[in-house]
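Residue numbers (my numbering): 522 to 873.
Below you'll find the structure, written out as structure tokens, and then a few comments.
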């Protein structure tokens with residue numbers, strides 16, 4: 522679910538998200554890649570399209586970038602340093618509402634920043650030695666959620682109900698207990714999917730399941746999945762929902778990226794049950810999957826360090842479009858997306 526948020530950059534404001542009006546499921550056959558930023562030190566797993574005019578990203582070295590989507594040129598505002606005292610945050614999550622953007626770092630202490638160029642402020646800090654947050658999203662202007670690895674027998678879930686000014690960690694008494702070795706992956710900021718009040722959280726590791734809330738994080742249940750699991754490096758790396766019923770998840774084992782037997786799965790009942798698709802067929806391990814806007818819940822793009830793939834039949838079959846590697850992707854419309862990874866941020870144009 523796309524959100525809008527504002528990041529102060531002088532007098533620059535970000536508004537809205539508009540999708541294309543076309544409803545035909547496209548048969549993409551190749552992708553054009555245009556590099557916008559290239560830097561050998563760049564490592565980006567947190568990227569969000571703000572609207573038709575801007576997208577933003579956060580890096581593992583505590584930097585923020587804002588890119589104005591120009592025709593034909595891009596105006597790149599990068600880097601803006603974000604830090605707390607002497608701590609340089611390793612960002613893996615970026616989200617926001619219509620008023621502000623928020624960035625969340627991995628590791629301990631976990632730091633959640635309210636982003637405001639030159640005036641960034643930490644609104645949540647967690648010093649637990651096991652703290653490790655993976656993803657973040659917002660339901661609306663007032664309510665947002667971030668998820669992380671277990672610290673006390675359940676997944677770490679923090680929630681704001683006041684627009685992001687304060688965040689509260691849910692008690693394990695109110696959450697499903699984790700299985701041994703169950704956690705999450707900070708691979709692409711897509712462990713959370715939101716449609717309306719519905720929320721899905723993907724886990725991985727020695728157990729790979731889907732946590733579900735129908736009421737914006739007030740109550741939770743958990744569903745088993747057939748995704749490959751059993752090792753610290755296996756499981757769901759990314760989850761997305763097209764509507765309240767139709768969802769897709771992808772992952773695998775990044776140490777064995779060519780394995781493809783049980784790394785792609787689909788649900789048509791809101792995440793209660795999942796079925797493997799494209800078993801023993803490529804793609805193998807991928808770190809991010811997204812529904813293509815206006816693709817009728819059938820068009821999907823998946824990316825990872827082994828390349829870019831596309832499906833127009835709900836993930837039953839896939840076409841490999843490129844060997845170029847990225848970590849995360851977000852769509853601007855039904856044929857243009859922005860992707861980021863190691864060393865670059867790029868525009869992807871999908872062509873039939």
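Even glycine gets a Cβ: it sits at the ideal position worked out from N, Cα and C.
As the structure is a prediction and not an experimental result, all values here were calculated from the model.
Three-way DSSP call (helix, strand, coil) for residue i in this model
{"i": "residue 655", "result": "strand"}
{"i": "residue 718", "result": "coil"}
{"i": "residue 834", "result": "coil"}
{"i": "residue 695", "result": "helix"}
{"i": "residue 543", "result": "Confidence is the limiting factor: at residue 543 the pLDDT is only 44, short of 50, which leaves the residue's position unreliable and the question unanswerable from this model."}
{"i": "residue 549", "result": "coil"}
{"i": "residue 635", "result": "strand"}
{"i": "residue 824", "result": "strand"}
{"i": "residue 627", "result": "coil"}
{"i": "residue 560", "result": "strand"}
{"i": "residue 731", "result": "strand"}
{"i": "residue 593", "result": "coil"}
{"i": "residue 619", "result": "coil"}
{"i": "residue 649", "result": "coil"}
{"i": "residue 761", "result": "strand"}
{"i": "residue 566", "result": "strand"}
{"i": "residue 706", "result": "coil"}
{"i": "residue 737", "result": "coil"}
{"i": "residue 873", "result": "coil"}
{"i": "residue 725", "result": "strand"}
{"i": "residue 582", "result": "coil"}
{"i": "residue 842", "result": "strand"}
{"i": "residue 604", "result": "coil"}
{"i": "residue 857", "result": "strand"}
{"i": "residue 744", "result": "strand"}
{"i": "residue 588", "result": "strand"}
{"i": "residue 599", "result": "strand"}
{"i": "residue 642", "result": "strand"}
{"i": "residue 613", "result": "strand"}
C-beta atoms of residue i and residue j nearer than 9 Å
{"i": "residue 627", "j": "residue 653", "result": "yes"}
{"i": "residue 847", "j": "residue 829", "result": "yes"}
{"i": "residue 785", "j": "residue 769", "result": "yes"}
{"i": "residue 781", "j": "residue 816", "result": "no"}
{"i": "residue 747", "j": "residue 796", "result": "yes"}
{"i": "residue 566", "j": "residue 634", "result": "no"}
{"i": "residue 555", "j": "residue 868", "result": "yes"}
{"i": "residue 655", "j": "residue 705", "result": "yes"}
{"i": "residue 553", "j": "residue 872", "result": "yes"}
{"i": "residue 757", "j": "residue 731", "result": "yes"}
{"i": "residue 836", "j": "residue 787", "result": "yes"}
{"i": "residue 855", "j": "residue 813", "result": "yes"}
{"i": "residue 826", "j": "residue 808", "result": "yes"}
{"i": "residue 792", "j": "residue 733", "result": "yes"}
{"i": "residue 783", "j": "residue 749", "result": "yes"}
{"i": "residue 865", "j": "residue 625", "result": "no"}
{"i": "residue 669", "j": "residue 676", "result": "yes"}
{"i": "residue 767", "j": "residue 789", "result": "yes"}
{"i": "residue 583", "j": "residue 610", "result": "yes"}
{"i": "residue 849", "j": "residue 857", "result": "no"}
{"i": "residue 649", "j": "residue 629", "result": "yes"}
Nearest neighbour of residue i, chosen from the options [CA to CA]
{"i": "residue 647", "options": "790, 746, 764, 688", "result": "688"}
{"i": "residue 794", "options": "581, 841, 744", "result": "744"}
{"i": "residue 550", "options": "790, 839, 685", "result": "839"}
{"i": "residue 740", "options": "721, 756, 865", "result": "721"}
{"i": "residue 860", "options": "578, 672, 593, 562", "result": "578"}
{"i": "residue 547", "options": "845, 708, 834, 844", "result": "834"}
{"i": "residue 686", "options": "623, 734, 735", "result": "623"}
{"i": "residue 637", "options": "586, 695, 836, 607", "result": "586"}
{"i": "residue 651", "options": "562, 808, 711, 631", "result": "631"}
{"i": "residue 592", "options": "575, 657, 599", "result": "575"}
{"i": "residue 645", "options": "773, 675, 690", "result": "690"}
{"i": "residue 614", "options": "649, 822, 659", "result": "659"}
{"i": "residue 709", "options": "738, 657, 719, 617", "result": "657"}
{"i": "residue 822", "options": "598, 789, 762, 766", "result": "762"}
{"i": "residue 735", "options": "719, 845, 799", "result": "719"}
{"i": "residue 692", "options": "603, 738, 619", "result": "738"}
{"i": "residue 603", "options": "596, 642, 620", "result": "642"}
{"i": "residue 599", "options": "557, 619, 618", "result": "557"}
{"i": "residue 777", "options": "754, 832, 694", "result": "754"}
{"i": "residue 695", "options": "742, 629, 617", "result": "742"}
{"i": "residue 580", "options": "845, 773, 707, 595", "result": "707"}
{"i": "residue 862", "options": "841, 824, 832, 831", "result": "824"}
Any non-hydrogen atom of the ligand COA closer than 8 Å to residue i Cβ
{"i": "residue 811", "result": "Within the structure as shown, the ligand COA is missing, as the structure has no ligands at all."}
Evaluate contact between the segment 570-580 and the segment 711-727, counting only Cβ atoms and requiring at least three cross-stretch pairs below 8 Å.
With the cut-off at 8 Å, the segment 570-580 and the segment 711-727 do not touch.
With a threshold of 8 Å, are at least 3 pairs of Cβ atoms found where one atom belongs to the segment 677-693 and the other to the segment 655-666?
Contact between the segment 677-693 and the segment 655-666 is present: 3 or more CB-CB pairs across the two stretches fall below 8 Å.
Taking three-plus beta-carbon pairs below 8 Å as touching, is the segment 695-702 in contact with the segment 724-740?
Yes, since at least three Cβ pairs between the segment 695-702 and the segment 724-740 fall closer than 8 Å, the two stretches touch.
Pick out the complete beta strand (DSSP E) segments inside the segment 769-819, 3 residues or longer, and give them in chain order.
Qualifying beta strand (DSSP E) stretches, in chain order: 785-788, 809-812.
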